[in-house]
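To start, the structure itself, in structure tokens.
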Amino acid sequence: MLAVLLVNMALGCCGYNEDITHCLSTRTPYLLKDIRDPTLDHFTVVHAELVQRHGSRYPTSNDINAMNMMAETFAENSKITWKNPFPMEMEGELCDRGKQELFSLGKYYKGEFKKLFYGKSLLNINVTATFKKRTQDSAISWLEGFYDDEPEKKQMVIDNKINITVVPKDKDTQLYFHKNCRRYVEYEKSSSTHKQSNQYAQMKLNETANRFIKAIGMTDIDESTSKSLTQLAFTAGAHEYVVFNKSDGLLKYFNIRDAHIMEYIKDLETYYTKGNSSELNYKIAIPLLDSIINGLKLAVVNDKNIQLTKQENNILGNSRFAHAETVTPLMTLMGVNIDQFALTVKLNEAKKNQRKWNMSKVSPYSVHFMFVLLKSKKGQYYVRTYFNQEAIVLPPCGSEICLFEDFVKYYGKITKDFDYNTFCSN
């Protein structure tokens, strides 16, 4: 049954699965996997490092404003009535689905690492988030799930009797690095950076836009406006599903082929802003990778020192809650989900269907990395890396169980002597 589930998920957005709700790019909800890793039974779990995107959320203010204008356009020049269901006061907030995603993931990882964390102090976990409230709320939901089997600690989380470290926006180079790097901000805004995604939209959206505009009864609308409106309607429909579990809203005007077109537009955009098309996209994540390495190294030192291990404030885990703009560059930096070909407008259909760089799969809401330090019975340390709950093989490792020394040596070369402000021309 599990094998069938994983195969279905793998094929979800390559033309085989007709469920449009699995193909919403970075707005795709997270599907919890009902799996367990028996490998952990053969090791002692020593430490865990989490990097977690926030859960499913309401649209942000820019999208809400655009949707308000779209609703007015529909009212003036279409046969449908659509009222924007997303109030501005909820912009960017976690929705119930997002809270449940994080709760379930916290509960899942507590089950996997119970021997390490059960009965330990709240002080044994460092929790950090960005200045955005949705990341802090994600941390709380995750911790509620994590301590679901320890009612007193869970209540402390609910009562906000926990410490979540929030670095000021303009000082955060570990979780909000994409907005604090001057070179990257300028690069991301450049029209040339979005050339491929814009070209693809112009080439491929004609049929979708014509069908949508006809279906809603709009008249006297130019081609450019119809395409923009169609993309916005798809975005609004995606949010209707995410927030309200409503698949018969604006999404009903789109089919799976339309979803694949929208997906690839977004994949092109993210490939040229977060992928390996430019080192600027991923080197800005080096401070984050460095903090992960340092956390693992410190854990080894502490584990070898019995006195440190017994201290109440011995850090057994670092949990970070941030954004897609945090997790995806880290993924690229670490060499995960990298294609051997560039994503372009002219990429053939076969390679499009083979691509790993598919945001619906690798950057849904609640996407995350979990780095786990393990110790064998012989005292050898290893790193096991999970991406969205599944153990993966990293470039320096050769298998899903990676020698700690190999992990640190390989990624340490990447982080060595890196100066964020110099690189970013800040």
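For the sequence shown, the positions run -15 to -1, 1 to 411 when mature numbering (1 follows the signal peptide of the UniProt record, and there is no 0) is used. Every residue, glycine too, gets a C-beta built ideally from N, C-alpha and C.
Between which two residues does the alpha helix (DSSP H) holding residue i run?
i, result
"residue 420", "The requested residue 420 does not occur in the structure, where the chain is confined to residues -15 to 411."
"K398", "389 to 400"
"L273", "271 to 289"
"H163", "162 to 165"
"I65", "Per DSSP, I65 belongs to no alpha helix (DSSP H) and is neither H nor E."
"I198", "191 to 200"
"T150", "Segment 149 to 151 is the beta strand (DSSP E) holding T150; no alpha helix (DSSP H) there."
"E97", "81 to 97"
"E264", "264 to 268"
"E208", "208 to 229"
"Y405", "405 to 408"
"K341", "K341 -> no alpha helix (DSSP H), and no H or E assigned at all."
Between residue i and residue j, how many whole angstroms is the CB-CB distance? I'm expecting something under 8 Å.
i, j, result
"K401", "F28", "That pair is no contact at about 28 Å."
"V357", "F389", "Their Cβ separation, rounded to whole angstroms, is 11 Å, which puts V357 and F389 out of contact at 8 Å."
"T112", "I143", "The sequence shown places Val at residue 112, rather than the Thr named in the question. Rounded, the Cβ-Cβ distance is 15 Å, inconsistent with contact."
"E254", "S182", "4 Å"
"S10", "E248", "5 Å"
"G83", "S41", "4 Å"
"F71", "Y43", "6 Å"
"A270", "F162", "6 Å"
"T326", "K337", "Sequence check: residue 326 is Phe here, not Thr. That pair is no contact at about 10 Å."
"M203", "N62", "5 Å"
"V393", "K289", "Not a contact, Cβ separation roughly 15 Å."
"residue 476", "T115", "Residue 476 is absent from the model: the chain starts at -15 and stops at 411."
"V30", "K100", "6 Å"
Using a Cβ-Cβ cut-off of 7 Å (strictly less than) and excluding sequence neighbours within five positions of residue i, which residues of its own chain qualify?
i, result
"T158", "N165, P272, Y405"
"M(-15)", "Below a pLDDT of 50, predicted positions are generally treated as unreliable, and M(-15), at 32, falls in that range; no measurement from the model is reported."
"A244", "I5, C8"
"D324", "R340, K341, W342"
"A56", "W67, K68, N69"
"residue 422", "Outside the displayed range of the chain (-15 to 411) lies residue 422, so it cannot be described from this structure."
"F408", "K268"
"K139", "E129, Y132, D133"
For the beta strand (DSSP E) containing residue i, name the first residue and the last one.
i, result
"F372", "366 to 372"
"T29", "29 to 38"
"V357", "353 to 360"
"I377", "375 to 377"
Please return the same chain residues whose Cβ sits closer than 6 Å to the Cβ of residue i, not counting the five positions on each side in sequence.
i, result
"K189", "I246"
"H39", "R119, T120, S123"
"K92", "G130, D133"
"R21", "none"
"T317", "G260, N261, Y267"
"I49", "F71, M73, E76"
"T24", "none"
"T370", "F356, I377, L379"
"M(-7)", "Confidence in M(-7) is poor, its pLDDT being 37 and thus under 50, which makes the residue's placement unreliable; the coordinate value appears in the next sentence. Excluding positions up to five away in sequence, the list is empty."
"G222", "G234, L235, L236"
"residue 420", "With the chain covering -15 to 411 only, the question about residue 420 has no answer from this structure."
"I250", "S182, Y185, A186"
Might you give, ordered along the chain, the residues of its own chain that have their beta carbon closer than 8 Å to the beta carbon of residue i, omitting 5 neighbours on each side?
i, result
"D155", "N165"
"W127", "Q37, L87, F88, L90, G91, S304, F306"
"V312", "V36, Q37, R38, S348, V352, H353, F354"
"S410", "R167, R168"
"A194", "E208, S211, K212, L214, T215"
"S263", "Y172, Y257"
So, is the C-beta of residue i closer than 8 Å to a C-beta in chain D?
i, result
"F162", "Absence of chain D from the displayed structure is noted, only one protein chain being present."
(request) Run through the stretch 301 to 335 for me and flag every whole alpha helix (DSSP H) of 4 or more residues, listed as ranges in chain order. (result) 309 to 318
(message) Three Cβ pairs or more, each shorter than 8 Å: is that satisfied between the stretch 165 to 177 and the stretch 209 to 223?
(response) no
(request) Taking 8 Å as the threshold, find out whether the stretch 254 to 266 comes into contact with the stretch 191 to 200 through three or more Cβ pairs. (result) no
(request) Output the residue ranges of the alpha helix (DSSP H) runs that lie fully inside the stretch 110 to 147 and measure 4 residues or longer, sorted by chain position. (result) 118 to 131, 136 to 143
(message) Taking 8 Å as the cut-off, does the stretch 371 to 391 touch the stretch 101 to 108 (at least 3 CB pairs, one atom from each stretch)?
(response) no
(request) Please confirm if the stretch 28 to 37 is in contact with the stretch 303 to 323, defined as three or more CB-CB distances below 8 Å between the two stretches. (result) yes
(request) Mind the definition here: the stretch 224 to 240 touches the stretch 275 to 283 only if three or more C-beta pairs lie below 8 Å; say whether that holds. (result) no
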